[in-house]
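For the sequence shown, the numbering used here gives the first residue as 222, with consecutive numbering after it. Glycine residues also receive a C-beta, built at the ideal position from the N, C-alpha and C atoms. As the structure is a prediction and not an experimental result, all values here were calculated from the model.
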Amino acid sequence: MVHVPEDKIVEGGMLCHLAQRDWMMRDILDLMLSDSDNTATNFLIDFIGFAKMAAWFEAEFAHLHLGRYLMEVTDREIRYILFWTASHFYHYCDKIKADLSKVGI
Numbered sequence: 222m223v224h225v226p227e228d229k230i231v232e233g234g235m236l237c238h239l240a241q242r243d244w245m246m247r248d249i250l251d252l253m254l255s256d257s258d259n260t261a262t263n264f265l266i267d268f269i270g271f272a273k274m275a276a277w278f279e280a281e282f283a284h285l286h287l288g289r290y291l292m293e294v295t296d297r298e299i300r301y302i303l304f305w306t307a308s309h310f311y312h313y314c315d316k317i318k319a320d321l322s323k324v325g326i
């Protein structure tokens with residue numbers, strides 16, 4: 222049995238909806254594969270070791286990079302989202318208002 226701490230639960234998948242926190246490792250793996258469960262995936266990344274998993278990705282898959290856990294928003298992404306929101310929101314609102322037929326109105 223392995224324990225998935227409450228503070229490691231993220232959105233996406235079944236684990237965020239269930240109260241159970243003690244699981245067989247095969248159940249965690251099954252949830253990751255069958256349900257694309259983000260918490261299960263993050264748990265397995267932690268179990269193996271983030272640095273070890275990141276190095277394996279880089280060695281085995283030329284165009285994949287494990288830079289963060291699933292559903293974890295970095296400060297850089299927050300800055301990008303805030304910049305994008307602030308600098309593009311009104312522009313896209315104006316485009317929608319100019320041709321409401323594109324949004325079904």
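The beta carbons of N259 and L285 sit no closer together than 8 Å. Ranked by how close their Cα comes to the Cα of M222, the residues F282, W244, L236 have W244 in first place. Looking at the DSSP output, V223 bridges to W244. Cα atoms of D251 and L239: separation of roughly 15 Å, rounded to the nearest angstrom.
The Cβ atoms of I249 and A261 sit closer than 8 Å to each other.
Boundaries cannot be given for D228, as no alpha helix (DSSP H) includes it and DSSP labels it neither H nor E. Put simply, the backbone Cα of D228 is about 23 Å away from that of S255. Straight across, the Cα-Cα distance linking V231 with C237 is about 6 Å.
F264 sits buried, since 16 or more C-beta atoms from the chains shown fall within 10 Å of its C-beta.
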